[in-house]
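Notes follow the structure.
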Amino acid sequence: MSLAILPDKFFLRDAWYMVAWPSEVTAQEPLARTVLGDDLVLFRTAAGEAVALEDRCAHRLAPLSKGRIESDGIRCMYHGVKFGAVGQCLEIPAQPQGHPNMCVRRYPLVEKDGFLWVWMGIPEQADTTKIIDAPWAHDPRWAPSQGYLHVHAHMSLVADNLLDFGHLPFVHPNTVGSVQQADFSTQVTPLTEGVQTDRWYIDVPASRFHQSVGRFPGNVDAWHCFRWHLPAVMSLDSGSAPTGTGARDKPHGSREGAIEFHHIAALTPQDEDHTHYFWIHWRNFEVDNPEMTDIVHRNIMAAFAEDQAMVEAQHRAVRRGAQTVPKAIMADKALTIIRQQVAKRV
Amino acid sequence: MSLAILPDKFFLRDAWYMVAWPSEVTAQEPLARTVLGDDLVLFRTAAGEAVALEDRCAHRLAPLSKGRIESDGIRCMYHGVKFGAVGQCLEIPAQPQGHPNMCVRRYPLVEKDGFLWVWMGIPEQADTTKIIDAPWAHDPRWAPSQGYLHVHAHMSLVADNLLDFGHLPFVHPNTVGSVQQADFSTQVTPLTEGVQTDRWYIDVPASRFHQSVGRFPGNVDAWHCFRWHLPAVMSLDSGSAPTGTGARDKPHGSREGAIEFHHIAALTPQDEDHTHYFWIHWRNFEVDNPEMTDIVHRNIMAAFAEDQAMVEAQHRAVRRGAQTVPKAIMADKALTIIRQQVAKRV
Amino acid sequence: MSLAILPDKFFLRDAWYMVAWPSEVTAQEPLARTVLGDDLVLFRTAAGEAVALEDRCAHRLAPLSKGRIESDGIRCMYHGVKFGAVGQCLEIPAQPQGHPNMCVRRYPLVEKDGFLWVWMGIPEQADTTKIIDAPWAHDPRWAPSQGYLHVHAHMSLVADNLLDFGHLPFVHPNTVGSVQQADFSTQVTPLTEGVQTDRWYIDVPASRFHQSVGRFPGNVDAWHCFRWHLPAVMSLDSGSAPTGTGARDKPHGSREGAIEFHHIAALTPQDEDHTHYFWIHWRNFEVDNPEMTDIVHRNIMAAFAEDQAMVEAQHRAVRRGAQTVPKAIMADKALTIIRQQVAKRV
Chain Y
32 MSLAILPDKF FLRDAWYMVA WPSEVTAQEP LARTVLGDDL VLFRTAAGEA VALEDRCAHR
92 LAPLSKGRIE SDGIRCMYHG VKFGAVGQCL EIPAQPQGHP NMCVRRYPLV EKDGFLWVWM
152 GIPEQADTTK IIDAPWAHDP RWAPSQGYLH VHAHMSLVAD NLLDFGHLPF VHPNTVGSVQ
212 QADFSTQVTP LTEGVQTDRW YIDVPASRFH QSVGRFPGNV DAWHCFRWHL PAVMSLDSGS
272 APTGTGARDK PHGSREGAIE FHHIAALTPQ DEDHTHYFWI HWRNFEVDNP EMTDIVHRNI
332 MAAFAEDQAM VEAQHRAVRR GAQTVPKAIM ADKALTIIRQ QVAKRV
Chain A
32 MSLAILPDKF FLRDAWYMVA WPSEVTAQEP LARTVLGDDL VLFRTAAGEA VALEDRCAHR
92 LAPLSKGRIE SDGIRCMYHG VKFGAVGQCL EIPAQPQGHP NMCVRRYPLV EKDGFLWVWM
152 GIPEQADTTK IIDAPWAHDP RWAPSQGYLH VHAHMSLVAD NLLDFGHLPF VHPNTVGSVQ
212 QADFSTQVTP LTEGVQTDRW YIDVPASRFH QSVGRFPGNV DAWHCFRWHL PAVMSLDSGS
272 APTGTGARDK PHGSREGAIE FHHIAALTPQ DEDHTHYFWI HWRNFEVDNP EMTDIVHRNI
332 MAAFAEDQAM VEAQHRAVRR GAQTVPKAIM ADKALTIIRQ QVAKRV
Chain Z
32 MSLAILPDKF FLRDAWYMVA WPSEVTAQEP LARTVLGDDL VLFRTAAGEA VALEDRCAHR
92 LAPLSKGRIE SDGIRCMYHG VKFGAVGQCL EIPAQPQGHP NMCVRRYPLV EKDGFLWVWM
152 GIPEQADTTK IIDAPWAHDP RWAPSQGYLH VHAHMSLVAD NLLDFGHLPF VHPNTVGSVQ
212 QADFSTQVTP LTEGVQTDRW YIDVPASRFH QSVGRFPGNV DAWHCFRWHL PAVMSLDSGS
272 APTGTGARDK PHGSREGAIE FHHIAALTPQ DEDHTHYFWI HWRNFEVDNP EMTDIVHRNI
332 MAAFAEDQAM VEAQHRAVRR GAQTVPKAIM ADKALTIIRQ QVAKRV
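Residue numbers (the numbering used here), protein chains in the order written: chain Y, 32 to 377; chain A, 32 to 377; chain Z, 32 to 377.
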């Protein structure tokens, strides 16, 4: 295998990317955010519709994010040209006839299950059926913690990190992993546009995080099982159950006494050196306890800080180049599948 | 029209540029300043003559601005080579015969009306008749306030800002503009090497600045009328008069009760991303009141800070690129004329 | 002569470079250091052997300097792959059969006379006989002061500075030079791979540094005589003796009442804009006085700070380009010889 550590062209434009938490986008203050190198301005109309335009006035390219939101659009506060929700010009000061073909590029937006997705390809090809479902958002048996990281690394390196849980015993031995997980292998199954990965650790001590909230009397059977959706959304089941109860053989086995989580990670390239990382981590226990929401948040962020330090160091190293020739190992199977699928699509 | 927002080659070298206030250039401390990407060192001889040389020793290119001014020249303090006022080598330590053709590039300088102008083209083609006059500098009926801004933007964007006063009601609604100015049009007249622009606002509230120093009982007729001299010097008349007194029809009308200003703005490119912005703002009232000098200075700087924030944001946006295609509007007439004249000369 | 101030290709790879003080390299914490643009990781095995590998894991290029030293090698703490002292892969988690041809680039290291030298060329061509001797390190009649500077300049400019002592009266008039040294010439003798330079100042006041430790009643005969070894190691004798005692004519003359120093400067390019500068300055007086060790250290660092400021300013100037054409002077003889020798080898 000879895939480069940093692909030349890894970003799919014909895809939905998580762009912002819905609460970040208001009718009061424009939000500037960069996705795939495009600078966007996000705002809401008076009717509540979320809008994404390129963050450029179609007059002389001043940023609209320094403009003023009005009921039906946004006005550039340099020379006062105003644009509507699909980027069309609504008004030019001292020029009553307007301008027939002056418009700002617009980007389709969809708000769903607590995520706000932007389509970075040609607007006419935006296919909303490709947006993943997150039923946990509407299920009272699950309670969410959520967060965001701004990672100074190429999105593909952040994705690699999630696609290979073999790093857990080395990067996270004292948080969400444990050293006893090192020698377990992973079952990897290619999907049409993604991959499924199942990693079980049988009869091991629980990770520090799971032990602290699950208080297991002895060893556990723990798991990380996820589906990866191209280009970069992970939907993960994880948990720990008392060993020997057969959690792995569900539905036949029992998850009595187990703790379970569902996690969605949405990776959005800002540019070739930065990644937006949005995550929600639902749990199936103590769902009405806000303190537990904080505990889960802190534990996840502590582990992600460990990943971030390593991935950013790797990014800097790769950017600087190397004499050493990298070789794939068995644990790279899932990330290799995803990189090949993306390379094929790009 | 398809002029790019940032021209590829916009800098005229065969031109005079304001390089420093005369008081900045002394016989004690060399002054380093960069113009059109050239690093200059400025100093005075014992006789008081201002000198501009390239800020490079002709031995091994150490900066002369870290050297020592002597009565007839400047000595590099790395290996002690000394150069005279036209860049010729005067002395090499331990080498009595000197060096026949060792010299530093020199730049013609002219001190006039409180400005210090440098010629960036071939020295032999420097034509001092092209330097603008500033008679207000010698007229006791006028009193100056002056200032400097270091703008992190291409000079052409700073020039655009001055060439279109349509931005006043949007960028400066609470300082030197007012929202009621938005719908007035501008008369634009091309000159041989420049443009004349006349913008009148009839029967409007005075801007906050003019009202604070003019204390008008009612609406005013206000004006911004300037001549632009290639490449980037603006000579501007502005003022406010009680409405209906016919200020616009001068000499027939009356400017009784008016306040008048004359302003010179000299824009000097440091490089493609930075601009030196020198300005003097003369007034025709309270000329002996130093407090008024401060008030005018503060008001102008407050307005220019608003411009600077917008122009620097525009510069960053343009540098990052855009999908949106910019279109000219009617208000761009003057800046389009200037850009075409410069493009022709370059 | 038309050698550029900054050569395009000035770095010899087939050479030994001082990489770190031996005490910086331990079995506890990996040391990251960049040489000739290559990122190295340095550590010791449990047996005490110093090892230099490229600072890249051969799996996915994460930096080994964030890894963990084990008794026989270093383990990457991303996915746990482990490498031995010559860069060979020792272990891959969950992959018992290992990987036959997975290895990190290694660099030969030699520890000698208080220096740690790395060979940057092909390992098989490393010739340890080319490493210079420093007998002063083992001679009780000499006592060392030592230090390190990280210079933000191309190594060739730092080398130029050492190769022309004509800068002493201009850069160091109040530290290690004196203005009376300006008019003395230098005898320059090419060697096979280097140059010998002899510079004597007869009947002059001692430099401030030498006067402060030598307390001479009158003028001195002072000297700077060195051998330069390609690419960038200087071995320098310097000192001051009471004038007229014939120090210059040694062995016939007398150095009674003289103070003598031996200095080794080892310049190691970090990259094209940064240089590692290691130095040891031995003295032959008050060798058992630790306070004198500090005094020498402070005096040398004060002088080197003056050089550093000038060389970094020169580096910035050269990087920005120049209209002025640099010309060689007589004092450039030694540096010209070295540059020509290096150009021939590269």
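Note that CB positions come from ideal geometry on N, CA and C, so glycine has one too.
When DSSP states are grouped into helix, strand and coil, residue 57 of chain A belongs to the coil group.
Within chain Y, the C-beta atoms nearer than 7 Å to that of residue 201 of chain A come from 108, 109, 110 and 111, in chain order.
Apart from the 5 residues on each side of it in sequence, residue 249 of chain A sits with its Cβ closer than 8 Å to the Cβ of 273 and 274 in its chain, given in chain order. For residue 321 of chain A, the uninterrupted alpha helix (DSSP H) run begins and ends at 321–351, by DSSP. Exposure of residue 375 of chain Z is indicated by the presence of fewer than 16 other C-beta atoms within 10 angstroms of its C-beta. If you draw a straight line from the Cα of residue 234 of chain Y to the Cα of residue 55 of chain Y, it comes to about 43 Å. Look at residue 126 of chain A: its C-beta is under 8 Å from a C-beta on chain Z. By the criterion of a C-beta distance shorter than 7 Å, residue 237 of chain Y is surrounded in its chain by 245, 247, 251, 253 and 271, once the five residues flanking it on both sides are discounted. For residue 196 of chain Y, the three-state secondary structure derived from DSSP is helix. Close to residue 133 of chain A, with beta-carbon spacing below 7 Å, are these residues of chain Z in chain order: 358.
Chain order gives no chain Y residues near residue 71 of chain Z, where near means a beta carbon separation below 7 Å; the closest approach is about 11 Å. Taking CB atoms only, residue 347 of chain A has no neighbour in chain Z less than 8 Å away. Interface residue (Cβ-Cβ distance to chain Y less than 8 Å): residue 186 of chain A is not classified as such. Taking a contact to require three or more Cβ pairs closer than 8 Å, the region 50–68 of chain Z and the region 90–98 of chain Z qualify as touching.
Neighbourhood of residue 123 of chain Z in chain Y, by CB distance below 7 Å: 360, in chain order. Chain-order list of chain Y residues neighbouring residue 36 of chain A: 91 and 92, by C-beta distance under 9 Å.
Nearest to residue 348 of chain Z by alpha-carbon distance, out of Z:115, Z:267, Z:68 and Z:185, is Z:185. When C-beta atoms of the region 213–227 of chain Z are compared with those of the region 254–264 of chain Z, three or more pairs fall below 8 Å, so the two segments count as touching. Counting C-beta atoms within 10 angstroms of its own C-beta, residue 80 of chain Z has fewer than 16 neighbours from the protein chains shown and is therefore classed as exposed. Residue burial is scored here from C-beta neighbours: residue 205 of chain Y has fewer than 16 other C-beta atoms within 10 angstroms and is therefore classed as exposed. Close to residue 341 of chain A, with beta-carbon spacing below 8 Å, are these residues of chain Y in chain order: 93, 97, 108 and 109. Within chain Y, the residues placing a beta-carbon under 8 Å from that of residue 85 of chain Z are 353, 354 and 355, ordered along the chain. At a Cβ-Cβ threshold of 8 Å, residue 109 of chain Z and residue 373 of chain Y do not count as neighbours.
With a 10 Å radius around the Cβ and a threshold of 16 neighbouring Cβ atoms, residue 300 of chain Z comes out buried. According to the DSSP secondary-structure assignment, residue 232 of chain Y is paired through a beta bridge with Y:253. The DSSP-derived three-state label of residue 245 of chain Z is helix. In this structure, residue 360 of chain Y sits near residue 130 of chain Z, with a CB-CB distance shorter than 8 Å. Separation of residue 45 of chain Y and residue 152 of chain Y (C-alpha to C-alpha, rounded to the nearest whole angstrom) is 4 Å.
Following the DSSP letters along the chain, one finds residue 373 of chain A inside the alpha helix (DSSP H) bounded by residues 364–376.
Identification of residues in the region 204–225 of chain A having a C-beta nearer than 9 Å to some C-beta of chain Y yields 213, 214, 215, 216 and 217, given in sequence order. Annotated three-state conformation of residue 160 of chain Y is helix, per DSSP. When the Cα atoms are used, residue 350 of chain Y and residue 161 of chain Z turn out to be separated by approximately 34 Å. By the CB criterion at 8 Å, residue 362 of chain A and residue 197 of chain A fall inside the cutoff. For residue 136 of chain A, the C-beta contacts it makes with chain Z under 7 Å involve 354 and 355, in order along the chain. Apart from the 5 residues on each side of it in sequence, residue 117 of chain Z sits with its Cβ closer than 6 Å to the Cβ of 137 in its chain, given in chain order.
Spanning the alpha carbons of residue 169 of chain Y and residue 217 of chain A requires a straight line of approximately 58 Å.
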